[in-house]
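Residue numbering for the sequence shown follows our numbering, starting at 364 and increasing by one per position.
For each residue, glycine too, the CB sits at the ideal point set by N, CA and C.
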Amino acid sequence: MAKSSRAIIDSFDLEPGSLLARNYRVLSLLGSGWEGEVYKVIEKNTGIERAAKLFFPHRNIRNRTSNLYARKLHNLYRCPIVIQYHAEEEVIIDSKPVTVLISEFVDGELLSDFLRRQPGKRLSPFQAVHLLYVLISGVESIHNEHEYHGDLHPENIIVARYGLNFELKLLDLFHTKSLKRENTQDDICSAIRIFYEALGGAKWYSKQPPDIKKICCGLRSSIILKKFPRASVLRGYLETMQWE
Ligand SMILES: Nc1ncnc2c1ncn2[C@@H]1O[C@H](COP(=O)(O)OP(=O)(O)O)[C@@H](O)[C@H]1O
Ligand SMILES: [Mg+2]
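What follows is the structure, given as structure tokens:
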């Protein structure tokens with residue numbers, strides 16, 4: 364980390380084995396994105412694994428981004444589909460204060476990687492309906508807490524497969540300036556888009572069975588939201604759908 368001072372920090376490159384905020388030993392880089400980098404760390408005394416998200420200072424002015432994210436995660440502590448938030452720390456990197464959010468470490472695979480691994484890189488309609496069911500039930504639990512995800516896509520979903528079931532964890536929730544109603548609607552449309560992509564996307568859409576097209580609605584938001592105005596409506600629809 365002994366780099367000459369940079370005007371903008373766009374990577375942290377933490378060394379495995381180094382100590383973060385006195386308490387967490389760095390194990391490996393889990394991923395990086397627009398807001399920062401996420402490392403797998405181990406709590407020094409307890410040996411418990413955690414995820415540490417370090418925010419790029421220029422993307423986190425006055426801690427606005429990290430505070431909104433932490434509060435959102437905290438508000439959703441009752442939702443098992445959302446990663447659990449633990450603590451906020453500050454570290455100094457290149458003489459600049461950097462905010463770190465410590466949360467639950469999720470052992471699994473990104474949904475995007477999982478889908479790429481499937482035969483033909485796509486799920487069968489039956490499996491995709493199972494995936495959508497777990498996803499929209501989780502989204503419903505978020506909306507029930509008067510919150511929204513705000514950035515649902517396959518790189519923000521970690522998946523583990525158990526028999527028929529999918530176990531999903533959602534991360535990287537985003538605060539937008541739009542109205543709450545628009546945000547919850549956006550979550551519903553994003554869930555259906557993920558379903559559509561999981562089925563092979565545009566390439567396979569015309570060959571999908573009618574049951575699938577009735578859910579995707581050609582990805583037209585106005586039609587989707589008329590049919591499924593709330594996450595609970597889509598969840599109920601999947602629970603009672605009649606297969607043709
Ligand atoms: N709690 C976690 N457990 C395991 N992996 C995680 C965790 N949080 C983030 N990751 C990994 O790090 C990547 C980037 O994290 P994310 O919070 O989405 O940051 P960004 O806002 O930069 O996209 C994710 O796509 C995922 O691969
Ligand atoms: Mg992300």
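Identity of the residues DSSP links to N528 by a beta bridge: For the purposes of this step, residue 528 is identified with residue 165 of the sequence shown, where counting begins at 1. In DSSP, N528 forms a bridge with Y525.
Quick one: what's V317 bridged to in DSSP? This structure cannot settle anything about residue 317, because the visible part of the chain is limited to 364 through 607.
Just tell me which of F537, E602, Q571 and R598 has its CA closest to the CA of R427. The residue labelled residue 427 in the question sits at position 64 within the sequence shown. Nearest option by C-alpha distance: F537.
Run the CB neighbour count on A365, radius 10 Å, all protein chains shown included, and call it buried at 16 or more, exposed below. On the sequence shown, position 2 is the one that residue 365 refers to. The pLDDT assigned to A365 is 48, lower than 50, so where the model puts this residue is not dependable; a value taken from the coordinates is nonetheless given after this. The residue in question, A365, is exposed, as its Cβ has fewer than 16 Cβ neighbours within 10 Å.
Identify whether F418 lies in helix, strand or coil by the three-state DSSP scheme. Here residue 418 refers to the residue found at position 55 of the sequence shown. Correct three-state label for F418: strand.
Does the beta-carbon of F375 have 16 or more other beta-carbons within 10 angstroms, so that it is buried, or is it exposed? What you label residue 375 is simply residue 12 of the sequence shown in a count that begins at 1. That one is buried.
Among all the DSSP beta bridges, which residues are the ones paired with Y432? What you label residue 432 is simply residue 69 of the sequence shown in a count that begins at 1. DSSP output for Y432 lists no bridge partner at all.
Is the beta carbon of K540 closer than 7 Å to that of I446? Indexing the sequence shown from 1 puts residue 446 at position 83. Indexing the sequence shown from 1 puts residue 540 at position 177. The answer is no: Cβ separation not under 7 Å.
Would you say the stretch 454-465 touches the stretch 495-505, given that touching needs at least three Cβ pairs under 8 Å? Output reads no: the stretch 495-505 does not touch the stretch 454-465.
F529 beta carbon less than 7 Å from that of H506: Mapped onto the sequence shown, residue 506 falls at position 143. Mapped onto the sequence shown, residue 529 falls at position 166. No. Outside cutoff.
Touching or not, the stretch 408-415 and the stretch 464-476, by the rule of three or more beta carbon pairs under 8 Å? yes
DSSP on R413, reduced to helix/strand/coil? If you number the sequence shown from 1, residue 413 lands on position 50. Here R413 sits in strand by DSSP.
Assigned secondary structure, P379 (DSSP; H/G/I helix, E/B strand, else coil): Within the sequence shown, numbered from 1, the residue matching residue 379 stands at position 16. In the structure shown, P379 sits in coil (DSSP, three-state: anything other than H, G, I, E or B).
In the stretch 504-566, which residue ranges form an unbroken alpha helix (DSSP H) of at least 4 residues, counting only runs that do not cross its ends? Whole alpha helix (DSSP H) segments, 4+ residues: 543-561.
With H, G and I counted as helix, E and B as strand and the rest as coil, what does DSSP make of L466? On the sequence shown, residue 466 is found 103 positions in, with the first residue counted as 1. A small fix is needed here, since residue 466 is Ser in this sequence, not Leu. DSSP places S466 in strand when its eight states are reduced to three.
Write down the C-beta distance between A554 and G471 rounded to the nearest angstrom, noting that I regard them as a contact closer than 8 Å. Residue mapping note: residue 554 aligns to position 191 of the sequence shown, counting from 1. Residue mapping note: residue 471 aligns to position 108 of the sequence shown, counting from 1. The pair is not a contact, with the Cβ atoms about 19 Å apart (cut-off 8 Å).
Exposure label - Q548; buried when at least 16 CB within 10 Å: In the sequence shown, the residue the question calls residue 548 occupies position 185. Under this definition Q548 is a buried residue.
CB-CB length for G483 against G563, believed under 8 Å: Looking up residue 483 in the sequence shown gives position 120. Looking up residue 563 in the sequence shown gives position 200. At roughly 7 Å, the Cβ-Cβ gap stays under 8 Å, so G483 and G563 are in contact.
Can you tell me whether S487 is buried or exposed, with buried defined as 16 or more other CB within 10 angstroms of its CB? Here residue 487 corresponds to residue number 124 of the sequence shown, with the count starting at 1. Around the beta-carbon of S487, fewer than 16 other beta-carbon atoms lie within 10 Å, marking it exposed.
Using a threshold of 7 Å, state whether the C-beta atoms of Y511 and D550 are closer than that. Within the sequence shown, numbered from 1, the residue matching residue 511 stands at position 148. Within the sequence shown, numbered from 1, the residue matching residue 550 stands at position 187. The answer is yes: Cβ separation under 7 Å.
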